[in-house]
Each structure stands twice: as C-alpha cells, then as structure tokens.
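Asks:
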Amino acid sequence: MSLTVHLTINGGLRRVELDDPRTTLLDLLRERLGLTGAKKGCDRGQCGACTVLVDGRRINACLALAASLDGAEVTTIEGLAEGGRLHPVQAAFIAHDGFQCGFCTPGQIMSAVGLIAEGHAGDDPERVRELMSGNLCRCAAYRGITEAVLEAQGVLAGQAQETAA
Ligand code: FES
Ligand code: FES
Numbered sequence: 008m009s010l011t012v013h014l015t016i017n018g019g020l021r022r023v024e025l026d027d028p029r030t031t032l033l034d035l036l037r038e039r040l041g042l043t044g045a046k047k048g049c050d051r052g053q054c055g056a057c058t059v060l061v062d063g064r065r066i067n068a069c070l071a072l073a074a075s076l077d078g079a080e081v082t083t084i085e086g087l088a089e090g091g092r093l094h095p096v097q098a099a100f101i102a103h104d105g106f107q108c109g110f111c112t113p114g115q116i117m118s119a120v121g122l123i124a125e126g127h128a129g130d131d132p133e134r135v136r137e138l139m140s141g142n143l144c145r146c147a148a149y150r151g152i153t154e155a156v157l158e159a160q161g162v163l164a165g166q167a168q169e170t171a172a
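Structural data, given as structure tokens:
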C-alpha cells in the first residue's frame, strides 16, 4: 500500500509516493529526491550528519518518518545559498576552516542555522559548543565550527537590523 505526502522542500512543493511507510526523511531526500547533502553517518540519531530543518527546527532526518511530515517545510543544505550567494553560515565555515574532510559539514551548517534562528546561543563559545553538541566531527574541527557559528550569528543579526531599519 503506498502513501502520498506533500512536502515543501527548499521552497518547491513535492508530491511523493511512499511505498514503505517506514521510509525516513533522510532516505527520501538522498535516495528518491537526489538531495545527498544530508549525510548518513550513524542512521540512529547519534552523529547529526543528517541534520535538516523541518518547519524551521533542526532535526535528525534519519529519525524522522517521511510519512509523518505531510505538509511540512523542509530545508536542506542544498536550499541555503540564494542566487549563487552563499548563506552567511556557509561563508563563515569557509572563513574559519570549520571543516576538514567535510562529511559532517552539511549537518553542522544546518544545525548552526537552526541554532542561530533559535536565538539563544549568545556569545559564549562554550555555550555554542554545548548547543552544537549533537553534531559530531571526526576531524575535530570544533574550534573553527564554533568561531563560524559566532561570526555568522553576528552577520545575520546585522542583516536583520538592516532589514528592520
Ligand atoms: Fe542521523 Fe547520524 S545519520 S544522526
Ligand atoms: Fe571531517 Fe567533520 S570535517 S567529520
């Protein structure tokens, strides 16, 4: 028995038939929709490599059943850059060497975007590290990641002020 779900993915409405109701959002993105930015690290909610935003909140896509997300808005790493311009979080990861092999990076960046949107990261590096602790990095690029999150947070706050002015 197949099941139909409608998802808005990176701004585009997608109608998806699910043959298996146990299909995770991660498998749907990677194997059906060709969005391979979210990575499958552990497939059990322990590494954060699969982090995406669902209705603006960061989640582990390997733990979310696609069938439970009908009507949701999903943002993946592929949807962050606009008009060929990197998102400030992406730019900050490059500026601060927030990666080495890059495997964890899409998840780190999506988690950082979600964290900044949550609005309670503050400017304490330790707190940022704690709030990003669901995203593991085998290359231990944590220092650059934390610096990138803090810088991007400032850039986004400045952009929000300009927009409001
Ligand atoms: Fe989802 Fe590791 S692959 S948390
Ligand atoms: Fe290699 Fe994080 S950059 S796992």
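Just so you know, we're using the numbering used here here: the sequence shown kicks off at 8 and counts up by one. Every residue gets a Cβ at the ideal spot worked out from N, C-alpha and C, and that includes glycine. Predicted model, so just to flag it, every value in this text is computed and none were measured.
For the candidate residues ASP62, GLY48, CYS146 and GLY86, whose alpha-carbon lies nearest to that of CYS69?
Replies: GLY48
Asks: Does any heavy atom of ligand 1 sit closer than 6 Å to the C-beta of CYS49?
Replies: yes
Asks: Helix, strand or coil, according to DSSP, for ARG37 in the structure here?
Replies: helix
Asks: Could you tell me whether any non-hydrogen atom of ligand 1 is closer than 6 Å to the CB of ALA194?
Replies: The structure shown does not extend to residue 194, since the chain is modelled only from 8 through 172, so no value can be given for it.
Asks: Going by the C-beta, is CYS108 closer than 6 Å to any heavy atom of ligand 1?
Replies: no
Asks: Between GLU154 and ARG39, what straight-line distance do the alpha-carbon atoms span, to the nearest angstrom?
Replies: 35 Å
Asks: Tell me whether CYS54 is buried or exposed, calling it buried when 16 or more other Cβ atoms sit within 10 Å of its Cβ.
Replies: buried
Asks: Looking only at its own chain, which residues have a Cβ that is under 7 Å from the Cβ of GLY143, when we skip the five neighbours before and after it?
Replies: The sequence given here has Leu at residue 143, not Gly. The beta carbon of LEU143 lies closer than 7 Å to those of CYS54, GLY55 and CYS111 in the same chain, with the five residues before and after it left out.
Asks: Name the DSSP beta bridge partners of GLU133, please?
Replies: DSSP lists no partner for GLU133.
Asks: Among ALA71, GLY18, ARG64 and ASN17, which residue has its Cα nearest to the Cα of THR30?
Replies: Nearest neighbour of THR30 by Cα position, chosen from ALA71, GLY18, ARG64 and ASN17, turns out to be ALA71.
Asks: Whole angstroms are fine: how far does the CA of SER9 sit from the CA of LEU25?
Replies: 5 Å
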